[in-house]
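Visitor: The structure follows.
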Amino acid sequence: MNTGLLSQLLEVLLALWLAPLLTGWVNQWRAWLQNKSAPSLLQPYRKLHKLFHKEPVLAEHASPFYRMAPYLVFGAMALACAIIPSLSTDLPLSPAADAIALVGLFALARVFLSLAAMDVGTAFGTLGARRDMLIGFLAEPALLMVLFCASLLSQSTSLTTIVDQFAHRQFAIHPSLALAGVAFILVSLAENARIPVDNPATHLELTMVHEALLLEYSGRHLALLEWAASLKLFAYACAGLALFFPWGVADARSPEVLLLALPVLMGKLAVSGALLALLESVSAKMRIFRVPEFLASAFLLAVMGMLINILLGA
Amino acid sequence: MSPLFLVLGFPLLGSMALAFFGHRPFARTLNMIFSLGTLVAAGALTMEVIARGPVWVWDQEFFIDPLNVFMVTLTAFVGWTTSIFSSPYMRVEIAQGKMTPARLRLYHSMYQLFSFTMLLALMTNNLGILWVAMEAATLTTVLLVSVYRSAASLEAAWKYFILCGVGIAQALFGTVLLYMAAGKLVGSGSDALLWTHLETIKGTLDPHIMGLAFAFLFIGYGTKVGLAPLHNWLPDAHAEGPTPVSAVLSGLLLNVALYAILRCKVLADGALHNHLASQLMMGFGLLSVVMAALFLWRQKDVKRLFAYSSIEHMGLITFAFGMGGPVANFAGLLHMTVHSLIKSAIFFTVGHATQKAGTQLMEGIRGLITVNPTVGWGMLLGALAILGLPPFGVFASEFLILTTAMREQAWATPFLLLALGIAFAAVFARVQPMVFGETSVKTLPHPPALVPVFVHLGLGLLLGLYIPPYLSTWYAQAARLLGN
Amino acid sequence: MSTVLTQSINLLAAILLMLAFAMLSQRRVLSLIHLFTLQGATLALSTAIVGVATHQPHLYFSAALTLLLKVILIPLLLHRVIDRLNVRWDVETLINIPTTLLAGIVLVIFSFYLAQPIAQMSLTITRGTLGIALASVLLSFMMMITRSKAVPQVIGFLAMENGLFFAATAATYGMPMVVELGIALDVLVGILILGVFLFHIREQFDSMDIRHLEKLKED
Amino acid sequence: MPLDCILLVVAAWLLIGIFGVLVLHRLRLVARLMFPAGGLAGLLLAAAAAWSLTFPPASVILPIGLPTLPFHFRLDSLAAFFLLILGAVSAGVSFFAAGYFRSGEGTPPGLLCLEYHVFLASMALVLLADDAYGFMVMWETMALSSFFLVIANHRLGEIRRAGYLYLLMAHVGAMAILLCFGVLQANTGDYTFANLRAQHLSPFAASLAFLLATAGFGAKGGLLPLHVWLPEAHPAAPSPASALMSGIMLKTAVYGLLRVTFDFLHTPLWWWGLLLLALGLASALAGVVFAAVQVDMKRLLAYSSIENLGLVFAGTGLAVLFAAYDMRPMAALALTAVLYHVASHACFKSLLFVATGAVLHATRERSLGKLGGLIRYMPWVAWITLLGALTSAGLPPLGGFVSEWLLLQSFLFTPGLPNAFLNMLVPVVAALIALVTALAGYTMVKFFGVIFLGQPREEKLSQAHDAGYWERIGMLWLAAGCLVLGLFPVQVLALLDAVTRPLVGASLATQAGPWLLAPIDPARASYGPVLFLLGVSGCVATTFLLVRWRYHGRLQRVPPWNCGYPWRNARMQDTAEGFGQPIRQIFEPFFRMERDLPDAFDATPHYRVSVSDPLWHWLYLPIARTVERLARLAGQLQQGRIAIYLLYSFLTLIAVLLVVRQ
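Protein chains in written order, with the working numbering: chain U, 7 to 320; chain A, 474 to 957; chain D, 13 to 231; chain H, 45 to 706.
Right, here's the structure in full:
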C-alpha cells in the first residue's frame with residue numbers, strides 16, 4: 007500500500023512535471039524537421055510561468071462557469087494521468103476508474119471546455135466548441151474501441167490489469183492490437199489537436215479548433231488550459247505506450263522496478279514525441295469536414311480490431 | 474294488475490294525451506312525466522322479476538324474463554333521460570323556428586308511441602306481435618325522422634321507410650315460415666307463435682323450414698339493426714331527424730331489433746343443430762364493424778359520424794352474440810347497455826353542439842370546451858368512452874369480446890382490432906377539433922340539460938369499474954338464456 | 013272435392029305468379045294499380061278457398077279483410093293519389109325488360125329450389141305454394157329495385173306484402189287472428205303515411221322521380 | 045403492509061385530484077397545497093416501495109372490475125423498484141409543479157391537478173396490476189390522463205395534433221398488449237397474471253407473445269418505428285407533465301416488457317434478444333441524431349428520451365440473449381444495467397424537462413435560437429440543469445455514467461456466448477453504444493450551452509427571473525437523485541439485486557466494498573465514483589489553492605474582443621441550427637431535409653431548412669393513404685340511390701338463402 011501510494015504520487019508529480027517538457031520536445035523536433043531553429047526545450051515552462059503571473063482579462067459578462075472550467079479541466083487531466091499506469095500498475099486510484107471511466111474523464115474535460123468556450127458568446131468560442139464536440143463524438147468511441155480491443159484480450163477493462171497482463175505475459179503477436187494501434191494514433195492526433203486535424207500553431211479562423219476554444223482565455227486560466235493540453239498529450243502518450251509497449255512498467259510484486267521504469271518511460275516518450283513531430287511534419291492539415299471521415303476510419307479500424315480479435319479467437 | 478300494463482299503458486296514454494296537448498308549453502314536461510311513469514313502472518316490473526323469476530301475463534301473451542326485463546329497464550331509462558334532454562332542445566328548435574306547434578304535437582305523440590312499440594316488442598311473447606310492434610316502431614320513427622319536412626329529412630325518411638319496410642317484410646316471411654314449422658307440430662293456433670312455447674319444442678322443429686325462416690328473420694330484423702350491407706338507411710335517418718330521435722334510434726331501436734334476432738336465434742340454434750345462425754351473426758357482425766370503420770373515415774356530418782359508430786358497435790354486439798357462450802353473451806349484453814347509455818349521451822351533446830353552431834357539419838363546430846365546458850367535456854368523454862377507452866364500460870365489454878374472440882375465433886381478432894383502430898383514428902380525429910381549440914360556436918338563450926349526459930357517462934364509467942353483483946347475476950342469467 | 017280445391021289454389025298461385033311477372037314488366041302506373049287490384053282479388057279468393065278446403069272459418073274473415081283492404085281500400089287510395097298528383101298517365105322508362113324477365117325466371121327457379129325440401133315434407137294440401145309465394149315476394153323485390161318513380165315503388169312494396177299474405181294463408185292456413193289484424197293495421201297505416209309522403213315529396217321536389225332523392229350519400 | 049401504504053397513496057392522489065376539481069379555478073390553493081401534498085404522497089410511496097423490497101411479494105384483490113375478473117394487485121420487487129422511481133421522481137416534479145402552474149394556461153388549474161394526479165395514480169396501479177383487465181384499464185387511463193395533460197394548452201393546433209397522434213399510438217399499442225395477453229393465457233380464459241405466469245407456451249406462441257409485447261410496449265417506450273408520437277407529445281405538455289411522461293411513463297413500457305419477457309415467458313429464445321437489441325440500438329442512434337439537430341428545447345429532450353429508452357431496450361435485449369443461453373449472472377448484469385439506466389434517466393430527464401419549464405416560464409420561449417445567456421439571470425436553474433445535462437451526457441461521476449458503464453461491461457462479456465454470429469455483433473454493438481453516448485454529450489453541450497451560456501439572443505431575455513422556491517426544491521431533489529445514483533452505485537445495486545434475482549435467478553458476483561463498484565470481479569472491472577470525485581475535486585482544489593498561493597487572484601473585466609468588427613451583436617453567435625449542422629451533414633441519410641438556399645442575387649436572402657423523420661413518409665403516410673383509399677372505395681358503395689340499396693338487400697338475401705340451403 008505504501009509503495010502503491012508512493013508510485014501514485016510519483017506518477018502524478020511526474021506527469022505534471024514532464025508534460026510541458028514533452029510538448030517542448032515535440033515542438034523542438036517539429037522545428038528541426040521543418041528546418042526551423044528550435045525553441046528551447048523549456049520554453050513551455052517559461053510560457054506557463056509568464057501566464058500565471060499575468061492578470062487574467064475576463065469578458066464582462068462571463069459567468070462563474072467560465073472561471074471554473076480551467077481548474078476542472080486541469081484537474082481532470084491530472085487525474086487521467088494518475089490512473090494511466092505509466093510507471094507502475096500498483097496504483098491505489100486505479101480501481102476507481104477503468105478504461106471506460108478514463109474515456110469518460112476525457113469527455114468530462116472536453117464538455118467543460120466546450121461549454122466554457124460558449125460562455126462568452128463570441129462567434130469563435132461557439133464555433134470552436136462545435137468543432138471540438140464534433141471531433142469528440144467520433145474520437146471518444148474510437149478510443150473506447152481501442153481500449154476494448156485490449157480489454158477483450160485481457161478480459162478486463164481495468165487499465166492496470168490490462169497493462170499487467172500485457173507486460174508480464176509471454177510475447178505474442180495480436181493482429182487486433184495492430185489495427186487498434188493505428189486507430190489509437192489517429193485518435194490521439196485528433197484529440198490532441200495535432201495536424202492533420204488541427205494545428206496548434208495557428209489562429210486562422212477557418213481551421214482552428216482547440217485554439218478557438220481558448221481564444222478568450224488569458225492569464226492563469228490560459229496557463230492552466232495550456233498545461234492541461236500538455237497533460238492530455240502526455241496522458242495519451244503514456245496510455246499508448248502502456249497498451250502497446252508495456253515493458254518496463256512496475257507492479258505491486260516488484261516495486262523496485264519503479265526505479266528502472268522512469269528512465270524507460272522517458273526513453274519511450276522521447277521516441278514517440280519525435281515520431282509525433284515527424285508524423286505532423288509529413289502530413290497536411292485537412293478541411294474540417296474531412297475530419298469525420300478521418301475519425302470514422304479510426305473508429306472502423308478499432309471495431310475491425312475487435313472483430314478480428316473475435317474472428318481469430320485470439 | 475301487473476306493472477307490465479303500466480309499462481305499456483303510460484306511453485300509450487301519453488301518446489294519446491300528447492296528440493292533443495303536444496303543442497302546449499307544458500307538453501315537454503308532460504312528455505317527461507309520462508316517460509318517468511314508464512320508468513317507474515319498469516322498475517317495479519324489474520323488482521317483480523327479480524323477486525319471482527320469469528313472469529307470464531295475460532294468457533302467456535306477454536313474457537318477462539331476465540333478458541327482456543333488463544332491456545325494458547334500459548329502454549325506459551334512456552327514454553326518460555332523452556325526454557329530459559328533449560325539453561330544452563325543442564325549446565331552442567321552436568325559438569329557431571324549426572318546429573311548428575303541429576309538428577311538435579306529432580313529435581311528442583310519436584315519441585311516446587315509439588316508446589310503446591319498443592316496449593311492446595320487448596315484452597310480447599308472440600313472435601307475430603313482435604313483428605307488428607317492430608313494423609309500428611318503423612312507422613312511428615319514420616314520422617319522427619321526417620318531422621322537419623325538409624328535403625333532406627324527407628329523403629331520409631323515404632329511404633328509411635322503403636328499406637326498413639322491405640326488410641321487415643322479409644321478417645314477416647320468416648315469421649310465417651316459423652309459424653309453418655311450429656304449426657306442423659302443435660297445429661295452428663296462437664300458441665304456435667308463442668316464444669316460450671316454441672322454445673320448449675325447438676329441438677323438434679323442422680330444420681329446413683327453420684333455416685329458411687331464420688335467414689328471412691335475420692335479414693329482416695338485421696336491416697333494422699343496421700348490419701352492413703343492409704345499413705344504408707341508418708346514417709341518413711340519424712342525421713336528418715331531430716337529435717333526440719337519433720339518440721333513441723341509436724340507443725334503443727337498434728337494441729330492440731337485435732333483441733328480436735336473439736330470440737329467433739335461440740329457436741334456430743335449437744332446431745338446426747348446427748352453428749349456422751352463429752356463423753351468420755359473426756359474419757355480418759364482423760362485416761359491419763369493418764365497413765363502418767371505413768365509412769367513419771370520411772365523414773363530415775357529426776350525426777352521420779356517430780350513426781356509423783352505432784353500426785360499428787351493433788356489428789360488434791352481433792359478433793359477440795354470434796360467438797355465444799356465457800362470456801360472450803354477457804359481454805354482448807353489457808355492450809348493449811353501455812352503448813345505449815353512451816351513444817345517447819353523445820347524441821345529447823351533439824344536439825346541443827349543433828344547435829350552438831347552427832350546423833351539423835363538423836368543420837363548423839369548433840372549440841366547444843371554451844364556450845361551454847360541460848358540453849365539450851361531455852362530448853369528448855363520450856367519444857372516448859365509445860371508442861373503447863377505459864375506464865368506461867365499453868372497454869370492459871370490448872375486452873371480454875376480444876378476449877373471447879381470441880380464444881374461439883382467432884381469425885377474426887386481427888380484423889376486429891384493425892377496424893377498432895381505424896374507427897378510433899377516424900372518430901377521434903373529428904371529435905378533438907370540435908371540442909378543443911378556438912371556438913366558432915355561440916351561446917344559446919336556453920341552458921342545455923346536461924344532467925342526462927353526465928348520468929349516462931357516470932353509469933358507463935361505473936360499469937367499466939364495478940358491475941354491481943345483482944346486475945352481473947342478472948346479466949349472467951340473461952346470457953344463459955341465450956345459450957351458446 | 014278437395015282435389016278440385018287444391019288444383020284451384022294451385023291455379024290461383026300460378027295466376028299470382030303471372031301477375032307478379034306482369035307487374036315487373038309494366039310501364040304504366042295505372043296498369044300497375046289494376047294489376048295490383050287483380051292480385052289482391054286473387055289473394056282474397058285463394059284465402060277463401062283455403063278456408064273452404066280446410067274448414068277454417070277464420071280464413072273467411074281473413075279473406076274479407078284482404079278484399080276490403082287490398083281490393084277496395086288501397087287501390088282507391090292509390091287512384092286518389094295519382095289523380096291528385098296528376099301522374100295517372102305516367103309512363104316509366106324501364107330499361108331492358110327482357111333481361112329483367114329472364115332474371116325473374118331465374119328467381120322463380122331459385123325459389124322453387126329453396127322451397128323444394130319443405131314442399132317434399134309438407135303434408136298440407138298446398139305444398140307447392142310456398143315456392144310461388146317466395147317467388148312473388150322476390151319478384152316484387154326486384155320490381156322495387158328497377159323502379160325509379162315513387163308510386164310504382166310503393167306498389168311494388170304492396171305487391172310484396174301480397175306475396176307474404178299468400179304465403180301466410182296458403183302455406184300455414186293463416187296466421188293467428190290477432191297477428192293478422194295487427195299486420196293489416198300496420199299495412200293500412202303504412203300506406204296512409206306513404207300517401208302523405210308522396211305529397212310531401214311532390215311538394216319538395218316538384219317531381220315523383222325518386223332519383224331526386226339521392227342527396228344523402230358518401231362522397 | 046407496504047402494499048396497503050401504496051394503495052393509500054394512490055387513494056390520496058385520487059382524492060387530491062378530486063379536490064382539485066372542487067376548487068377548479070383557485071390557482072393558489074391548488075398550486076400551494078394540492079401539488080405539495082401530492083409530492084409528499086410520492087415520498088411516502090417511494091419509502092413504502094423501498095421498504096417492500098425486503099418483503100416477499102404481497103397481493104390483494106379489490107372487489108371492483110369485471111365480475112369474473114376483479115382487480116388483482118400484487119407488489120413484488122420488480123413493481124416495487126418502478127414504484128420507488130415513480131414515488132421519488134414524482135415527488136420532485138410535484139414540488140416543482142407547485143411553483144410552476146400559473147393562470148391562463150388554457151386548462152383550469154383544478155382540472156390540471158385532477159389529470160396530473162390521476163396520471164400518477166394510474167401509473168402506480170399499472171405497476172401493481174396483477175390481472176390483464178386491471179392492467180389494461182390502468183394502462184389506458186394512464187394514456188388518457190396524460191393525453192389530457194398534453195393538450196392542456198389546446199388552443200394551438202400543433203398541440204392538438206400532437207395529442208391526437210399520441211392517443212392514437214397509445215391506443216394501437218394497447219391493442220397489441222391486449223393481444224399479447226390473449227396469447228399468453230393459452231386458451232385457459234383466465235386473465236390473472238398468476239395464470240399467465242403458470243402457462244408454458246410453445247415456442248411459436250411465446251414468440252408471438254413476445255413480438256406483440258415488443259410492439260405494444262415499444263409503442264409506449266418510443267421504440268423505432270413506433271416513436272413518432274413522442275417528439276410531438278412530450279414537448280406539447282406542460283413541463284411537469286412532460287417530465288412525468290418522459291421520466292416515468294416511458295418506464296412503464298420497460299416494466300411491461302420485463303414483466304412479460306422475464307416473468308411470464310420462461311424460456312426466452314435468442315433471436316428475441318437480437319431483435320430487441322437491433323431495435324433498441326436503432327432507436328438510440330436515431331433518437332440521438334435527431335436530438336442533435338433539434339432547435340426546440342423540449343423536442344430535443346424528447347428525442348433524447350427516445351435515445352435513452354433505446355439504450356434501455358438494447359440492454360434488455362442483451363439480458364434476454366444471456367438468459368436464452370442460460371448465462372444467468374450475465375443476464376443479471378445486463379438487467380441491472382437496464383434498471384440502473386431506468387432510474388437515472390428518470391431522474392435526469394425529469395430534471396431537464398422541469399428546467400425547460402422554468403426557462404419557458406421565465407422567457408416564454410421554447411426555441412433554442414432565441415435563448416442564451418440565461419446563467420446570469422437564472423443561476424439556480426442553470427447550475428442544477430448543468431448537473432442534469434452532465435448526467436444525461438453520461439459523464440462520470442454522475443448517474444448516467446454508471447448505467448452506461450454497466451451496459452458496456454455487460455457487452456464486453458458477450459463473447460462468452462455460444463454463438464459465433466452473435467459474438468461478431470459485439471464490437472459493432474458496443475461501438476454503436478459508445479457512439480450514441482458520445483453524441484448524447486454533443487447534444488447536451490448544445491442544449492446547455494445554447495440556452496444558458498453565451499449572450500442573450502433576444503432583448504427580453506434580460507428580464508428573465510429565476511425559479512421560485514418550490515421549483516428550486518423540486519429541481520434540487522431531482523438533482524440529488526442524479527448525484528446519489530452517480531456516487532453510490534454499490535448501495536443501489538444492493539437494492540437492485542432483490543429485483544433481478546427473482547427475474548433471472550442470479551445475483552451479481554462479488555462486491556468490493558462499499559465504495560467500489562465491481563459487479564464481476566475487481567480485477568476485471570471496477571469503478572469507484574466517490575474516489576473518482578475525490579480525485580477530481582482534490583486535483584481541482586489543490587490546483588486552485590496552489591495557484592492562488594503561488595501567484596495571485598487578480599482579475600480584470602473588459603468587453604470581449606469584437607474581432608475588429610464593431611457591429612457584432614448577440615444574434616451573431618453560433619445558433620442551435622449551426623450546432624446541428626455537422627450532424628446533419630454526417631448523418632444525412634437519417635433525415636428528410638428540405639432546404640431553401642438563397643442565390644447570390646437575392647436582395648433579402650432567406651435560408652430555410654426543415655428536417656423531418658423519413659419514417660413518416662415511408663411508413664405512416666402510406667398507411668394513412670391506404671386506409672383513405674379503402675374508405676373512398678367503401679364510400680362509393682353508398683351513393684344515395686335507393687334502388688342500389690335495395691339491390692344490396694336483395695343480393696344479401698339471396699346470398700344468405702343460398703348459404704342456408706346448403
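Glycine residues also receive a C-beta, built at the ideal position from the N, C-alpha and C atoms.
Check the Cβ-Cβ distances between H215/H and every residue of chain A, and say whether any is below 8 Å.
Guide: Yes, H215/H counts as interfacial toward chain A.
Visitor: Near G937/A, which residues of its chain fall below 7 Å by C-beta distance, leaving aside the five closest residues on each side in sequence?
Guide: Within the same chain, G937/A has close Cβ partners P863, P864, F865, G866, F868, A869.
Visitor: Could you say which of E104/D, W101/D, L142/D lies nearest to I121/D if we only look at CA atoms?
Guide: It is L142/D whose Cα lies nearest to the Cα of I121/D.
Visitor: So, for P906/A: in the same chain, excluding its five sequence neighbours on each side, which residues have a beta-carbon less than 7 Å away from its beta-carbon?
Guide: R839, listed in sequence order.
Visitor: Express the C-alpha separation of T611/A and M591/A in angstroms, rounding to a whole number.
Guide: Approximately 10 Å, taken between the alpha carbons.
Visitor: So what's H69/H in DSSP terms, helix, strand or just coil?
Guide: Correct three-state label for H69/H: coil.
Visitor: List the residues of chain H whose Cβ lies closer than 8 Å to the Cβ of N705/A, in chain order.
Guide: Within chain H, the residues near N705/A are Q682, Y689, Y692.
Visitor: So if I threshold CB-CB distances at 7 Å, which residues from the stretch 632 to 666 of chain A count as touching chain H?
Guide: The residues in question are K632, I635, L636, V639, G640, Q643.
Visitor: Opposite L678/A in the DSSP bridges: which residues?
Guide: None, per the DSSP bridge assignment.
Visitor: Between the Cα of V591/H and the Cα atoms of Y77/U, L306/U, A145/U, L99/U, which residue gives the shortest distance?
Guide: Nearest option by C-alpha distance: Y77/U.
Visitor: Report yes if the C-beta distance between P101/H and I108/H is below 8 Å; otherwise report no.
Guide: Taking 8 Å as the Cβ cut-off, P101/H and I108/H do not qualify as a contacting pair.
Visitor: Applying the 10 Å Cβ sphere with the 16-neighbour rule, what's the burial state of T619/H?
Guide: Buried is the call here.
Visitor: Could you give the DSSP three-state label for W529/A: helix, strand or coil?
Guide: Strand.
Visitor: Buried or exposed for R568/H, please, with buried defined as at least 16 other CB atoms from any protein chain shown within 10 angstroms of its CB.
Guide: Under this definition R568/H is a buried residue.
Visitor: Taking 8 Å as the cut-off, does the stretch 292 to 300 of chain U touch the stretch 265 to 275 of chain U (at least 3 CB pairs, one atom from each stretch)?
Guide: No: the two stretches stay apart, fewer than three of their Cβ pairs being nearer than 8 Å.
Visitor: Looking at the unbroken alpha helix (DSSP H) that takes in P708/A, where does it start and where does it end?
Guide: Run containing P708/A: 706 to 713, per the alpha helix (DSSP H) assignment.
Visitor: Applying the 10 Å Cβ sphere with the 16-neighbour rule, what's the burial state of A206/H?
Guide: By the 10 Å Cβ count, A206/H comes out buried.
Visitor: Is any beta-carbon of chain D found at less than 8 Å from that of I350/H?
Guide: Output row for I350/H: interface = no.
Visitor: Near V255/U, what residues of its chain come up, given a Cβ to Cβ distance below 7 Å and the 5 sequence neighbours on each side ignored?
Guide: Answer for V255/U: P91, L93, S94, T95, V169, A173, A248, A267, listed in chain order.
Visitor: Would you give the residue range spanned by the alpha helix (DSSP H) that M154/D belongs to?
Guide: Here the alpha helix (DSSP H) through M154/D covers 141 to 158.
Visitor: Name the chain A residues that come within less than 9 Å of Q216/D, Cβ to Cβ?
Guide: Those within 9 Å of Q216/D in chain A are R622, S623, A624, L627, E628.
Visitor: Output, in chain order, the set of chain H residues within a Cβ distance shorter than 8 Å of F209/D.
Guide: Correct list: empty, because the minimum Cβ distance to chain H is about 13 Å.
Visitor: Determine the direct distance from the alpha carbon of L477/A to that of E534/A, and round the result to whole angstroms.
Guide: Between E534/A and L477/A, the C-alpha separation is close to 12 Å.
Visitor: Cβ of F768/A less than 8 Å from any chain D Cβ?
Guide: Cβ-Cβ to chain D under 8 Å: yes for F768/A.
Visitor: Cα-Cα, which of A287/H, A259/H, E276/H, A196/H is closest to S138/H?
Guide: Among A287/H, A259/H, E276/H, A196/H, the Cα nearest to that of S138/H is on A287/H.
Visitor: Considering only residues of the same chain and omitting the five flanking positions on each side of M13/D, which have a CB-CB separation below 7 Å?
Guide: Confidence at M13/D is low in this model, with a pLDDT of 47, below 50, so its placement is unreliable and the value that follows should be read with caution. Cβ within range, chain order: n/a, list empty.
Visitor: Please say whether F190/U and A475/H have beta carbons closer to each other than 8 Å?
Guide: In this structure, F190/U does not lie closer than 8 Å to A475/H by Cβ.
Visitor: Decide yes or no for the touch test of the stretch 721 to 733 of chain A against the stretch 676 to 687 of chain A: beta carbon pairs closer than 8 Å, at least 3 of them.
Guide: No, the stretch 721 to 733 of chain A is not in contact with the stretch 676 to 687 of chain A.
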